[in-house]
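Student: Quick note: the sequence shown uses this note's numbering, first residue 481, plus one each step.
Think of the CB as a built atom: it goes at the ideal place given N, C-alpha and C, for glycine as much as any other residue.
Provided herewith is a single structure, encoded as structure tokens, for subsequent inquiry.
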Amino acid sequence: MHRKLKNWLNLSNRFTWLRRQEVLPGLPDNKMFPPSRSPVWDGSQERAFIESVLNQRFNFLLVFVSLILAGAINAHAWPIVQTIVLTFGTIISGGISITIQRAHHKLGLIMEILKRDKTHPFTIIDNAAGGRTVRWIIGWFIPLLCFFTLDGAAAWGWWTIFSK
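As structure tokens, then:
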């Protein structure tokens with residue numbers, strides 16, 4: 481029994497390392513031990529990663545708020561259910577909005593660091609484009625608009641329920 485358990489654990493560790501190797505390509509082909517150093521990661525890769533995270537969270541917020549509003553509109557016959565849906569949506573969209581604002585802040589910091597290098601492609605294109613960034617619309621304005629829209633609708637729902 482002991483030998484079977486030991487063989488199973490050894491096999492399990494091999495499969496875990498194989499899965500890790502798929503996530504981190506380019507590492508030495510050592511199936512038993514993790515690498516001794518981390519892969520190279522620079523500012524451009526971090527910018528691409530944070531931009532992707534920001535876009536995914538922003539798109540999720542839009543889909544989530546749309547679903548909450550559709551659910552609230554379809555529940556118009558039951559005001560209490562409608563108000564509970566809107567309250568739930570307000571709480572969740574507030575949390576999503578905070579994560580969007582945090583990712584937006586990190587992206588701004590990364591871009592400021594990349595601007596210091598005058599030869600970086602981002603700096604060259606940013607200087608050629610000129611003007612100010614409108615990234616704040618995605619990072620601040622729309623998430624807050626979604627949150628306050630749901631919050632106002634939920635507050636109006638609770639006010640109509642308790643004012644009767």
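Quick one: using the 10 Å Cβ neighbour count with 16 as the cut-off for buried, is histidine 584 buried or exposed?
Tutor: By the neighbour-count rule (16 or more Cβ atoms within 10 Å), histidine 584 is buried.
Student: Would you call glutamine 562 buried or exposed, if buried means 16 or more other Cβ atoms sit within 10 Å of its Cβ?
Tutor: buried
Student: Return the CA-CA distance between phenylalanine 540 and isoleucine 618, expressed in angstroms with no decimal places.
Tutor: Computed Cα separation, rounded: 12 Å.
Student: Mapping DSSP to helix, strand and coil, what is valine 520?
Tutor: Note: valine 520 maps to coil in three-state DSSP.
Student: CA-CA distance, glycine 637 and threonine 613?
Tutor: 37 Å
Student: Answer with yes or no whether the minimum CB distance from arginine 537 to chain D is below 8 Å.
Tutor: This model lacks chain D altogether, as it is built from one protein chain only.
Student: Taking the alpha-carbon of lysine 644 as reference, which of Arg615, Ile572, Pro559, Asn607 has the nearest alpha-carbon?
Tutor: It is Pro559.
Student: Going by other Cβ atoms of all chains shown within 10 Å of its Cβ, with 16 needed for buried, is threonine 640 buried or exposed?
Tutor: The residue is exposed, with fewer than 16 neighbouring Cβ atoms inside 10 Å.
Student: Let's see if you can read the secondary structure: which residues bound the alpha helix (DSSP H) around lysine 595?
Tutor: 559-595
Student: Using 8 Å for Cβ pairs, my map puts arginine 537 next to leucine 594. What's the rounded Cβ distance?
Tutor: Between leucine 594 and arginine 537 the Cβ distance is about 21 Å, and since that is not below 8 Å, they are no contact.
Student: Put asparagine 532 into one of helix, strand or coil per three-state DSSP.
Tutor: Checking the displayed sequence, the identity of residue 532 turns out to be serine instead of asparagine. Note: serine 532 maps to helix in three-state DSSP.
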